[in-house]
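What follows is a short report on a single structure.
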Amino acid sequence: MDFKKRIKIRYLTAVVYIVLGLALAALSFFLEGENEFVSPFSFALIVIGVARIRKLSLITRNEASLKQREIAEGDERNIYIMLKAKNAAFSAYMLLAGIAVIVLMFLEYTLIAQCIGYSVCALALIYWVCYWIYYKKS
Amino acid sequence: MDNNIKTLRKEKGLTQDDLALAVGVTRQTIISLENGKYNASLQLAFKISSFFGESIENVFIFKEEE
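Quick mapping for you: the protein sequence lines, in order, are chains D and W.
So the first sequence is numbered by my numbering: it starts at 708 and just counts up by one.
So the second sequence is numbered by my numbering: it starts at 89 and just counts up by one.
Okay, structure coming up:
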C-alpha cells in the first residue's frame with residue numbers, strides 16, 4: 708500500500724480514537740453510580756488520539772521527513788529487530804506467566820492464576836494457528 | 089558474511105547516507121552491514137550489488153559457519 712495512503716488511514720484511526728473517547732466520556736457523564744473504568748478509559752483514548760495526530764503531523768510536515776519515515780518503516784533491519792523483539796517478548800511472557808500461575812496457585816489466588824493460564828493457552832493456540840497458516844502459504 | 093560495501097562506497101566517494109538513500113534503507117542499516125553486524129536479505133544484497141554495478145559475489149563474501 709502507498710505510504711501516503713497508510714498515513715491517511717492512521718489519521719482516520721486517530722480520529723476514531725478521539726470520537727470513541729468523547730462518546731465514552733459523554734456516556735460516563737450520563738451514567739449513574741460507579742464509572743471508574745469508563746471515564747479514565749475515555750480520557751486515555753482521547754490522549755492517544757491527539758498524540759497520534761500530533762506525531763503524524765510532524766511526519767507529514769514536509770516531503771523530506773515523510774520520505775525519511777517511509778524508509779525507516781520499510782527498512783529491513785528495523786523489521787528484523789522488531790520481529791526479534793516480538794519473539795523475545797512472546798517467549799518471556801510465556802515463561803513469566805507460567806511462573807506466575809504456579810506462584811499464584813500456591814498463594815491460593817486461583818481465579819487470577821486461571822485467567823493467566825487461559826491467556827497463555829490462548830496465545831499458544833493463536834501461535835499454532837498462525838504457524839499453520841504461514842506454513843501452508845509458503 | 090563479509091562484504092566489500094565500505095570499500096566500494098569509498099571508491100565511489102559516497103557517504104553512508106547517500107548509499108542508504110539509493111538502496112532505500114536507513115543509515116543505521118548501512119553501518120551495521122559495513123560492520124558485519126547484520127546480514128542483508130537477498131533483495132537488499134541485489135539492490136546494493138546492482139547499485140555498485142558489481143556481481144553479488146564481488147560485494148558479499150559467503151563464509152561457511154564453523
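Quick reminder that beta carbons are idealized off the backbone N, C-alpha and C, glycines included.
In this text, all values refer to a predicted model and were calculated from it rather than measured experimentally.
Nearest-angstrom beta carbon gap, residue j and residue i [assumed within contact, 8 Å]
i	j	result
D:I823	D:V808	5 Å
D:F710	D:E770	At roughly 11 Å, the Cβ-Cβ gap does not stay under 8 Å, so D:F710 and D:E770 are not in contact.
W:I119	W:Q104	6 Å
W:V111	W:K94	The Cβ separation is near 14 Å, so there is no contact.
D:A804	D:V827	5 Å
D:S735	D:V745	4 Å
D:R717	D:R761	Not a contact, Cβ separation roughly 12 Å.
Under 8 Å from the C-beta of residue i: neighbouring residues of chain W
i	result
D:R784	V113, T114, Q116, T117, S120, Y126
Proximal chain A residues relative to residue i, where beta-carbon distance stays under 8 Å
i	result
W:L132	Absent from the structure is chain A; the protein chains it does hold are D and W.
Strand pairing of residue i, partner residues [DSSP]
i	result
W:F148	W:N91
Buried/exposed call for residue i, threshold 16 Cβ in 10 Å
i	result
W:F148	buried
D:Y825	exposed
W:A108	buried
D:V722	exposed
D:R784	buried
D:L832	exposed
W:F140	buried
W:T117	buried
W:Y126	buried
W:L121	buried
W:R97	buried
W:A128	buried
Sequence-distant residues of the same chain with beta carbon closer than 6 Å to residue i, five excluded per side
i	result
D:K715	none
D:I819	L811
Contact list for residue i against chain D, beta-carbon separation under 7 Å
i	result
W:S129	E783
Residues near residue i in its chain [Cβ-Cβ closer than 7 Å; skip 5 each side]
i	result
W:S137	S143, I144, V147
D:E780	none
D:Q755	The sequence shown places Ile at residue 755 of chain D, rather than the Gln named in the question. Answer for D:I755: Y724, listed in chain order.
D:F748	L731
W:T114	A108
Beta-carbon proximity list for residue i, same chain, < 8 Å, skipping 5 on both sides
i	result
D:A751	G728
W:G124	M89, D90, N91
W:A133	I144, V147, F148
D:K843	none
D:T720	R759
D:L765	S772
Residue i: contacting residues in chain W (beta-carbon distance under 7 Å)
i	result
D:A779	T114
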